[in-house]
Amino acid sequence: VRRRAWRRRLDNPAWSAEPNAGHRALVDLERSGRLHLLVTQNIDGLHQLAGSSDHLGVEMHGTNRTARCVACGWTAPMGDLLERVRAGEVDPDCPRCGGIVKSDTVYFGESLRPARLERAFEAARTAQVLLAVGTTLAVTPVARLAPVAGESGAGRVIVNGSATEYDWLADAVVRGSISDVLPRLGGD
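With positions in the sequence shown counted from 1, the corresponding number in my numbering is that position plus 105.
In C-alpha cells:
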C-alpha cells in the first residue's frame, strides 16, 4: 500500500495546482490587518503559495508539502522524498531512524495535533468576526469553531457554494464560487 501511495504521489495534481482569487483575497485581508489567523483543513499548501504568512496559518490536517517519520518525527520537504522515489526507492524510509515516512497529513483515524486545535479555538474565542470559507462545517472539531466564536460574541459570516451545517447561526451567509465572492468581500 505504501509503495503504491509513493508512486501516486509522483503525479499528484496538487504539485501543479495554483492559488486562485479566493486564496489571494485572504492574503489581501491579512495584509490589510483584518485577518489574524487562517485555519484551514486543506492540505495542499496553496494558502502559502498565494502569500499567506506561515505564522498566521494553522493547517489542521497538516500538509502534503512535507513528509514526516511516524517514529521519530523527522520532517523534510515532500519533493526530497519524491526525488528518492524517482531514483528507485519504492518506500523511502527515515534517514534518521529508519522508520516509516508518510505525508505530513492527518489520516483518517489519526488525531489532530492538540496545539493546532488550541490555537484555532483560542482565536475563535477572541475573534471579532469568524469568516468560514469553502467548508460545509460538517466535520468536527473544526466545525465547532463557528458556535464557539458566537458564544464569545463574534460575528459569523459563512461563504460557501452550498448550504452548511451552521447556516442557521450565521450573521450572514454568502453563496457562490469562493474565487468570485471572496475578493468582493475583502473590499473596504
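Just so it is clear, CB atoms sit at the ideal spot from N, CA and C, and this is done for glycine as well.
Computed from a prediction, not measured in an experiment: that's the story for all the values here.
Among the options, nearest to residue i - alpha-carbon criterion
i    : options                   : result
A232 : G255, L222 and R173       : G255
R136 : E188, G156 and A122       : G156
R170 : N147, S158 and H160       : N147
H160 : R224, L290, S208 and R112 : R224
A237 : V206, L131 and F213       : L131
Cβ separation of residue i and residue j, assumed to be a contact under 8 Å, to the nearest whole Å
i    : j    : result
L54  : V163 : Not covered by the structure: residue 54. The range shown for the chain is 106 to 293.
R261 : L235 : 5 Å
L242 : A229 : Rounded, the Cβ-Cβ distance is 12 Å, inconsistent with contact.
Contacting residues, own chain, Cβ-Cβ under 8 Å from residue i (five flanking each side not counted)
i    : result
D272 : I263 and V278
G266 : G239, R280, G281, S282 and I283
R191 : L115
E270 : T241, L242, A243 and A248
Cutoff 8 Å: residue i Cβ touching any chain C Cβ
i    : result
A122 : Considering every chain present, this structure includes no chain C. It has just one protein chain.
Identified DSSP bridge partners for residue i
i    : result
C174 : V206
T145 : E164
N169 : In the DSSP output, where bridge partners are listed per residue, N169 has none listed.
D198 : I205
Cβ-based neighbour list, residue i, same chain, cut-off 7 Å, excluding 5 preceding and 5 following
i    : result
C177 : C199, R201, C202 and G204
D325 : A question about residue 325 goes unanswered here, because the residues of the chain that appear run from 106 up to 293.
Is it the case that the stretch 179-196 contacts the stretch 108-128, given that we only count it when at least three CB pairs across the two stretches are under 8 Å? Remark: three or more beta-carbon pairs, one from each stretch, lie closer than 8 Å, so the stretch 108-128 and the stretch 179-196 are flagged as touching.
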